[in-house]
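A.B. asks:
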Amino acid sequence: MHNPVALLTERLRAAVAGALGPEFAGADPVVRRSAQPRFGDFQANAAMALAKQVGRPPREVAAAIVEHLDAGELCSAVEVAGPGFINLTLSADALARAAAGLLADDRLGVAPAERRRVVVDYSAPNVAKEMHVGHLRSTILGDALVRVLHFAGHDVVRQNHLGDWGTPFGMLIEHLVDIGEQEAVRELSVGDLTGFYKQARDKFDADPDFAGRARQRVVLLQGGDEASLRLWRLLFEASKVYFNTVYDRLGVLLTDDDIAPESFYNPRLAEVAAELEAKGLAVVDDGALCVFPPGFTNRDGQPLPLIIRYSTGGYGYATTDLAALRYRSLELQAGRILYVVGAPQATHLAMIFEVGRMAGWLGPDRPAEHVPFGSILGQDRKMYKTRSGDSVRLIDLLDEAVERAAAKVAEANPDLDAPTRERVASLVGIGAVKYADLASDRIKDYVFDWDRMLAFEGNTGPYLQYAHARIRSIFRRAEASGAGGRPPGEVVVSEPAERALVLQLLGLDEVVAAVAESLQPHRLCTYLFEVASAFTTFYEQCPVLRAPDAAVRGSRLALCELTARTLALGLGLLGIDAPDRM
RNA sequence: GCCCUCGUAGCUCAGGGGAUAGAGCACCGGCCUCCGGAGCCGGUUGCGUAGGUUCGAAUCCUACCGAGGGCGCCA
4 MHNPVALLTE
14 RLRAAVAGAL
24 GPEFAGADPV
34 VRRSAQPRFG
44 DFQANAAMAL
54 AKQVGRPPRE
64 VAAAIVEHLD
74 AGELCSAVEV
84 AGPGFINLTL
94 SADALARAAA
104 GLLADDRLGV
114 APAERRRVVV
124 DYSAPNVAKE
134 MHVGHLRSTI
144 LGDALVRVLH
154 FAGHDVVRQN
164 HLGDWGTPFG
174 MLIEHLVDIG
184 EQEAVRELSV
194 GDLTGFYKQA
204 RDKFDADPDF
214 AGRARQRVVL
224 LQGGDEASLR
234 LWRLLFEASK
244 VYFNTVYDRL
254 GVLLTDDDIA
264 PESFYNPRLA
274 EVAAELEAKG
284 LAVVDDGALC
294 VFPPGFTNRD
304 GQPLPLIIRY
314 STGGYGYATT
324 DLAALRYRSL
334 ELQAGRILYV
344 VGAPQATHLA
354 MIFEVGRMAG
364 WLGPDRPAEH
374 VPFGSILGQD
384 RKMYKTRSGD
394 SVRLIDLLDE
404 AVERAAAKVA
414 EANPDLDAPT
424 RERVASLVGI
434 GAVKYADLAS
444 DRIKDYVFDW
454 DRMLAFEGNT
464 GPYLQYAHAR
474 IRSIFRRAEA
484 SGAGGRPPGE
494 VVVSEPAERA
504 LVLQLLGLDE
514 VVAAVAESLQ
524 PHRLCTYLFE
534 VASAFTTFYE
544 QCPVLRAPDA
554 AVRGSRLALC
564 ELTARTLALG
574 LGLLGIDAPD
584 RM
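In structure tokens form, the structure reads like this:
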């Protein structure tokens, strides 16, 4: 245990119980990083609230807590300040011991969480349809959350809920028949999905004959017609090839094993409908089988239905979503089910979850959570589009990112050989796009801006990658000078910049736990940026290679090592690679 | 009409019960012959509005204003 907040909370908790009686043993001491250095490293803010409860002056309560506090080997100073804050300053020894602990720990102090099976639904592109910026957020956020949850110690099950079923497939299959199987497969697998879909759509709208064939084809397909299914599989497989090239480019963890498409649930739809009916939850309304979860109303204030079975007898996405929810809960045995899906689907998912609870598939011990996110906007504050008004193809966006990054990298470091430069450009370009997406609170829309995301200054991916590469270069230089960089020495914390850096490095456990709980990767981004900032100050004020003596030099190299590892690990949890040179 | 989300510095964003609200960019003025400026220091400007809860509110609640989104057989 290297997490100072956790350590101090434990000690303060005992002190509160000692000072005020065992009935207060459960009270949260409210330990936080201090707002300013003159208030110490941490502060415990519980005394004011507790004073109210026990009817004693807050400073007196704070003093009593301090009196009962056993933190001698942790703190060099403990004092009551202001209205009743308890300011805690960690001793240099405690900081040095904690830093040494981090250095010896592959997990850099991150304590494993109580293991749960967490199902994460994300990405979910549509077969025979282009991946665009909307899929970008779900894919990147989902990937980062999967990595964080896994590292935190959970058993993560990825679910890529591909859109591969429904009415559009009639027209897509007929279009495939029209242009020939080989040509269709070629177009789709190389990524000309926009053209393919649009042509089918145009014919559907313009040609009544084609539209009729398309409708007929849907009936055949959903009726299990083998010839139609074979054509449908062609579409599916070709699209999968394309999706995998995009995923590969993006560097996300999704594989074919994670694909659980809509069609996977087809055999379960009738079952779901029957179960909801049997439980008395679903009723027929206007010929459609519906569930009316409480609390949802339509325009006219009437109860809003979740339609389980259309009056035509077909099933829609609501039923598929319910079948998926049931599968994840009962068959995958999920302890937590996450949906990384855009904010506009909030009402739909809330209804799905409510029905899931009514059906007994969800409960307090197995919750489903919507992880909503906002839209990507252009500089005009409207949905990010190309100049011609089309949605931006994800693959084009990634190409442009790498191209722009290549120019930046060539400028920053002209000495890199061509293959390295190419590799670094890819890591920096993709990293920049990912980081820009992850760095602000996901619930808000964010403004897409190439210049800002690729800047080497500010809270950006390239800045953090650069910070990491620069630290690695210190070690290369140390080794080249023959003085030897490794193994790093024993940590000694004396300078203010050193203690600030160590304090920051000790915060990883907290932030990883916070991200795993709140599902907000931007907190990790903020943390990493603060690590890099603290390092910059340290590097500015504390000579490393030209330190006054070998012991100080060894200690500072150890701090460099810890910082580099923290940055690399943290970026890795966001799905971003940190090259050793760039 | 009802519901959801958002509104913090000129711009892009953190902070989401605790002390004097921060960062990057932009602007102005200084500094450093520095381990690859990821430079450093100082200055200017801000919590949409009005109430309420609280020892304490940018943070929680209510209303209003503004922006975006959703609201029955598409997914």
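Following my numbering, the numbering of the first sequence begins with 4 at its first residue and continues without gaps. Think of the CB as a built atom: it goes at the ideal place given N, C-alpha and C, for glycine as much as any other residue. Values in this document were obtained by computation on a predicted structure and should not be read as measured data.
(1) Tell me the DSSP secondary structure of Tyr438 in three-state form.
(2) So what's Phe27 in DSSP terms, helix, strand or just coil?
(3) So, Ser37 versus Phe45, is the Cβ gap smaller than 7 Å?
(4) Identify every run of the alpha helix (DSSP H) within the segment 150-217, keeping only runs that are complete inside it and at least 4 residues long; order them along the chain.
(5) Let's test the definition: count the other Cβ atoms within 10 Å of the Cβ of Leu508 and tell me whether it reaches 16, buried, or not, exposed.
(6) Check this for me: beta carbons of His164 and Asp195, under 7 Å apart or not?
(7) Hey, how far is the Cα of Gly298 from the Cα of Asp228?
(8) For Asp309, list the residues DSSP reports as bridge partners.
(9) Counting C-beta neighbours from all protein chains within 10 Å, is the total for Tyr313 16 or more, i.e. buried, or is it exposed?
(10) Could you tell me the boundaries of the beta strand (DSSP E) in which Phe88 lies?
(11) Going by CA-CA distance only, name the one from Ala52, Ala17, Thr315, Thr92 that's closest to Phe42.
(12) Less than 7 Å separating the beta-carbons of Lys447 and Gly377?
(13) Taking the continuous beta strand (DSSP E) assigned at Ile340, which residues delimit it?
(14) Which ranges does the beta strand (DSSP E) cover as unbroken runs of at least 3 residues, wholly within the segment 104-145, from first to last along the chain?
(15) So Asn269 and Trp168 are in contact, right, with Cβ under 8 Å, and what is the actual spacing, rounded?
(16) Could you round the C-beta distance between Ala116 and Ala519 to whole angstroms and report it? I think they count as a contact, below 8 Å.
(17) Look up Ala84 in the DSSP assignment and give the residues it is bridged to.
(18) Leaving aside the five residues before and after Gly137 along the sequence, list all residues of the same chain whose C-beta is less than 7 Å from its C-beta, in chain order.
(19) Does the distance from the C-beta atom of Ile340 to that of Val249 stay below 7 Å?
(20) To the nearest angstrom, how far is the alpha carbon of Gln202 from that of His178?
(21) Measure the Cβ-Cβ separation of Ala50 and Val64 and say whether it is below 7 Å.
(22) Under 7 Å, do Val244 and Ser192 count as touching if we go by C-beta distance?
(23) On the DSSP bridge list, what partners appear for Asp288?
(24) Taking the C-alpha atoms as reference points, what is the distance between Leu335 and Pro422?
(25) As a quick exercise: from Thr315, Thr322, Gly319, Asp288, pick the residue whose alpha carbon is nearest that of Pro306.
(26) Which same chain residues, not among the five before or five after Val496, have their C-beta less than 6 Å away from its C-beta?
(27) Alpha carbon to alpha carbon, what distance is there between Ala326 and Glu265?
(28) How would you label Thr315, buried or exposed, when you count the other beta carbons within 10 angstroms and need 16 or more for buried?
(29) Would you mind working out which of Arg445, Thr12, Ala80, Pro32 sits nearest Pro40, comparing C-alpha positions?
(30) Would you say Leu401 and Val450 are within 7 Å of each other, going by their C-beta atoms?
(31) What separation, rounded to the nearest whole angstrom, lies between the Cα atoms of Ala362 and Gly24?
(32) Work out the CA separation of Val151 and Pro546 for me, nearest whole Å.
C.D. replies: Per the coordinate set shown:
(1) The answer is helix: DSSP assigns Tyr438 an H, G or I state.
(2) helix
(3) yes
(4) 171-182, 184-192, 196-209
(5) buried
(6) no
(7) 41 Å
(8) One point to set straight first is that residue 309 is Leu, not Asp, in the sequence displayed. Leu309 is bridged to Val294.
(9) exposed
(10) 88-93
(11) Thr92
(12) Their beta carbons are under 7 Å apart, which means Lys447 touches Gly377 by this criterion.
(13) 339-342
(14) You should have 120-124.
(15) 7 Å
(16) 6 Å
(17) According to DSSP, Ala84 bridges with Phe88.
(18) Gly345
(19) Cβ distance not < 7 Å, so Ile340 and Val249 don't count as in contact.
(20) 8 Å
(21) yes
(22) It is a contact, given that the beta carbons lie within the stated cut-off.
(23) Ala291
(24) 44 Å
(25) Asp288
(26) Ala95, Leu98, Ala99, Arg502, Val505
(27) 9 Å
(28) exposed
(29) Ala80
(30) no
(31) When rounded, the separation of the alpha-carbon atoms in Ala362 and Gly24 is 45 Å.
(32) 34 Å
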